[in-house]
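For reference, the structure discussed in these notes is given below.
Numbering (my numbering), first residue to last: 10 to 188.
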């Protein structure tokens, strides 16, 4: 076995390293859906240092809305309802909210977000750093939300269900509040 201790190099080299991890998991019969903190529990501090560079405290609660390819995909569609976001926002009384999304224009048209600020004109990395620095995070059912919450030291609200079939593929941290 050749362990990969650190993902290094440019994109091409990183792709080889991730492909090796995928092959290793497949050959060992491991569930290779890597959205599970158990896979990297023994190096979580290093991961938080590696991915947490540039995170600064933000006096807002971050809300992530994933749309894009989820909108017309029955595997994800209709899970993150306005009701979910209303219940989650109610857990942060008197707080200001900052919305992150791949469809900000749609978010601006939703009544529930009418008093929110919107993150616009930033890269994904910038949004990740800002959202991770928020004093709280309301997650969508997305890996982007998952990583922002994982890197955050704030209160996290997560959806109980991530997939329309009800299967649990994504592991959530115990301290996250599931609604």
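Every residue gets a Cβ at the ideal spot worked out from N, C-alpha and C, and that includes glycine.
Here residue 143 carries a strand assignment [DSSP, helix/strand/coil]. Going by DSSP, residue 110 is part of the beta strand (DSSP E) stretching over 106-110. Here the stretch 113-128 does not lie against the stretch 142-160, with fewer than 3 beta-carbon pairs under 8 Å apart. Judged by DSSP secondary structure, residue 92 falls within the alpha helix (DSSP H) whose first and last residues are 91-99.
Listed in chain order, the alpha helix (DSSP H) elements of length 4 or more contained wholly in the stretch 134-184 are 152-160. Going by DSSP, residue 54 is part of the alpha helix (DSSP H) stretching over 53-60. When C-alpha distances from residue 59 are compared across 45, 134, 101, 89, the shortest belongs to 134. Shown here, residue 103 sits in coil according to DSSP, grouped into three states, outside any helix or strand.
With contacts defined as CB atoms closer than 8 Å, residue 160 and residue 57 qualify as a contacting pair. Here residue 71 carries a strand assignment [DSSP, helix/strand/coil]. Per DSSP, reduced to three states, the secondary structure at residue 113 is helical. The DSSP-derived three-state label of residue 126 is strand. For residue 188, the three-state secondary structure derived from DSSP is coil. Contact annotation: the stretch 28-39 does not touch the stretch 73-83, with fewer than three C-beta pairs closer than 8 Å. Taking every protein chain shown into account, the CB of residue 69 has 16 or more other CB atoms within 10 angstroms, so this residue is buried.
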